[in-house]
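Notes follow the structure.
Number of protein chains: 2
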Amino acid sequence: MPKIVDHELQKAKVAEATWRVIQKHGIEQASVRNIAEEAGISVGSMRHYFSTQSELLSYSMKRVSERVSQRIYDTVFSGDLMQDIPSLLHEVLPTDNEKRLEMEVWFSFVVKSLSDESLRALRHQVDDELRSIFVQVFNGLSENQLLLPGLDFAIEVERFYAVLDGLAIHAVMRPERVTPEVMIAVIKQHLLSLCQPNVPSMVKKPESNAKKEQPRDT
Amino acid sequence: MPKIVDHELQKAKVAEATWRVIQKHGIEQASVRNIAEEAGISVGSMRHYFSTQSELLSYSMKRVSERVSQRIYDTVFSGDLMQDIPSLLHEVLPTDNEKRLEMEVWFSFVVKSLSDESLRALRHQVDDELRSIFVQVFNGLSENQLLLPGLDFAIEVERFYAVLDGLAIHAVMRPERVTPEVMIAVIKQHLLSLCQPNVPSMVKKPESNAKKEQPRDT
DNA sequence: TTGTTTTTAGAACATTTGTATTAAAAAGGA
DNA sequence: TCCTTTTTAATACAAATGTTCTAAAAACAA
């Protein structure tokens, strides 16, 4: 009998409109009216999907985190850690416009979560998930006996994680300087610096011209 | 003839009230009324020092950056780079409550600057200054022949700078995990990893009990 | 004390905010 | 076609916003 509308689809549409408003005008301008206008619907209509503004913002933040999680999940692995770790982190870092938009919006939510209790839990959860990646990274490196001896795992996890988020912030703030190439180079250099020399899958000093790895022709 | 009031002192008082409002309730709540109330003056009075809200926020942001600059300037150096570099970064990182308050406020301004043109220049300036510290760090390490050979300066500057800001973010977000001790340990480990082994002023594996360096009595 | 100027306080303004309410429009089953 | 329910749109309202304006208060010089 009733008009059938895909609720989840509408909510997603509104969430993405929220992202655009935040990116263009800041989270201070993320009012229900501005978001409704950006989404192309009326405020009364939007209220059928989000009964309060707080709900709307929480959902929009959650959608950002889900997009990141999805990207991590979709990453395909080769089995070679020295290649897979940069690939994975490439998916988390703002290495293209879409991911940079997400990152800008994410930082807006993160800062807001410092004074907004309703956003704090999600921030902590994402933080924990991201950090656990590095725990797994070191477990993997350790199991494959790639790591330099004598490293303090707890400290190294924090250090690698700090490199990631520091790069992310700098890429958002200074995209012209911290390009995708710079980010990947930093990640690879950091990874290399943690490992024993002469790891087979990674050449320590590649010649600057040829880019192809393992140039063994048949 | 007139009532004499120290303008700069009043402006500073208002700026600090702005910080407190931002830290307690978020930058969205940094309205002229809320700030005036926090500063203990009326909005009409505040208007004698800041004719617009934009001016007020710009000034408050500038004051934060000046506090950080001052701390950098005040740092006393021993002449031993392996000791001075951590000391310097200790002054930039949120290693106590006062600095953490500043950092939270700074991040609020930084995120706002993404969509507020009037704050962008200052953000870029501070970013340049902070980054230049690491250029100097590598110049210093290089001149003293402490660096490992074959390092790519441009990449290493970005990497060390990323460690700093990543730590700062994580300390603000998770102070219970990223404590001052963790931050300093990460910084020292990063510095050590860049340097040749057996640097005289830093012991690679200090015994866990004795903390005093160079225990030469008399 | 008197006079002059700055500082202060508070009210006033139009605009924007989140939320509530109301009625019209839409869509599918009878 | 008509009926039922959801979805949509528009208005209404109190509260908060940035800014302006006016007059009182304060402080120093005469």
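Which chain is which? The protein sequence lines are A and B, in order.
If you read the first sequence in full-length UniProt numbering, its first letter stands for residue 1, the second for the next number, and so on.
If you read the second sequence in full-length UniProt numbering, its first letter stands for residue 1, the second for the next number, and so on.
Heads up, the beta-carbon is just placed ideally off N, CA and C, and yes, glycines get one too.
| message | Under 9 Å, CB to CB, which of the residues in the segment 164-183 of chain A have a partner in chain B? | response | L164, D165, G166, L167, A168, I169, H170, V172, M173, R174, R177, V178, V182, M183
| request: Could you tell me which uninterrupted alpha helix (DSSP H) segments, each at least 4 residues in length, are contained entirely in the segment 145-196 of chain B, listed from first to last along the chain? | output: The segment 145-196 of chain B is shown to contain whole alpha helix (DSSP H) runs of 4 or more residues at 153-173, 180-194, in chain order.
| Chain-order list of residues whose beta-carbon lies under 8 Å from that of A210 of chain B (same chain, five-residue window excluded) | Confidence in A210 of chain B is poor, its pLDDT being 39 and thus under 50, which makes the residue's placement too unreliable to answer from.
| In chain B, which residues lie less than 9 Å from S54 of chain A when you measure between Cβ atoms? | Under the 9 Å cutoff, chain B gives no residues; its nearest Cβ is about 12 Å from S54 of chain A.
| Is it true that the CB of D96 of chain B sits closer than 8 Å to the CB of R174 of chain A? | no
| said: Once DSSP output is grouped into helix, strand and coil, what is the label at F107 of chain A? | reply: helix
| field | Residue interval of the alpha helix (DSSP H) (run including F138 of chain A) | value | Annotation: the continuous alpha helix (DSSP H) that includes F138 of chain A extends over 117-143.
| Taking the alpha helix (DSSP H) that D84 of chain A falls in, what are its first and last residues? | Where D84 of chain A is concerned, the enclosing alpha helix (DSSP H) stretches over 81-92.
| task | Specify the secondary structure class of S74 of chain B as computed by DSSP and reduced to three states. | result | A quick correction: the sequence has Asp, not Ser, at residue 74 of chain B. In the structure shown, D74 of chain B sits in a helix (DSSP, three-state: H, G or I).
| query | For D74 of chain B, which of B:E55, B:L88, B:L167 has the nearest alpha-carbon? | reply | If we check each option's Cα against that of D74 of chain B, B:L88 comes out closest.
| Going straight from the alpha carbon of E156 of chain B to that of A185 of chain A, what length do you get? | 10 Å
| Hey, how far is the Cα of V32 of chain B from the Cα of R100 of chain A? | 32 Å
| request: Can you give me the start and stop residues for the alpha helix (DSSP H) that L9 of chain B sits inside? | output: From DSSP, the alpha helix (DSSP H) with L9 of chain B extends over 7-25.
| query | For Y59 of chain B, which of helix, strand or coil comes out of DSSP? | reply | Secondary structure at Y59 of chain B: helix, using DSSP grouped into helix, strand and coil.
| Partner residues on chain B for R100 of chain A, Cβ-Cβ distance less than 9 Å | Here the premise fails: no neighbours, minimum Cβ distance about 11 Å.
| query | For R123 of chain B versus V110 of chain B, is the C-beta spacing smaller than 8 Å? | reply | yes
| What are the boundary residues of the alpha helix (DSSP H) that includes G44 of chain A? | 43-46
| said: Does L114 of chain A come out as helix, strand or coil in the three-state DSSP assignment? | reply: coil
| Where do the N-terminal and C-terminal ends of the alpha helix (DSSP H) with A36 of chain B fall, by residue? | 32-39
| Would a check of beta-carbon distances place Q83 of chain A closer than 8 Å to chain B? | So, not an interface residue.
| query | Going by alpha carbons, who is nearest to I169 of chain B out of B:F138, B:P94, B:G40? | reply | Out of B:F138, B:P94, B:G40, B:P94 has the C-alpha closest to the C-alpha of I169 of chain B.
| Which whole-angstrom value describes the C-beta separation of Q196 of chain B and L148 of chain B, a residue pair presumed to lie in contact below a C-beta threshold of 8 Å? | 6 Å
| query | Which residues in chain B sit within 9 Å of Q145 of chain A, going by Cβ to Cβ distance? | reply | Those within 9 Å of Q145 of chain A in chain B number zero; the least Cβ separation is about 19 Å.
| query | By the 10 Å Cβ neighbour count, where 16 or more other Cβ atoms means buried, how is L164 of chain B classified, buried or exposed? | reply | Answer is buried; the Cβ neighbour count reaches 16.
| field | Supposed close pair Y59 of chain B, K11 of chain B - CB separation, criterion 8 Å | value | 6 Å
| query | To the nearest whole angstrom, what separates the beta carbons of L56 of chain B and V21 of chain B, a pair I think is in contact under 8 Å? | reply | Not really, about 11 Å apart at Cβ, beyond 8 Å.
| task | Measure the CB-CB distance between G166 of chain B and Y161 of chain A and report whether it falls below 8 Å. | result | Yes, the pair counts as a contact, with Cβ atoms nearer than the cut-off.
| task | Determine, using beta carbons only, whether V105 of chain A and V64 of chain A come nearer to each other than 8 Å. | result | With contacts defined by Cβ atoms closer than 8 Å, V105 of chain A and V64 of chain A form a contacting pair.
| Buried or exposed: where does D217 of chain A fall if 16 or more other Cβ atoms within 10 Å of its Cβ makes it buried? | Low local confidence applies: a pLDDT of 38 at D217 of chain A is under 50, so the model's placement there is unreliable, with the coordinate-based value given in what follows. That one is exposed.
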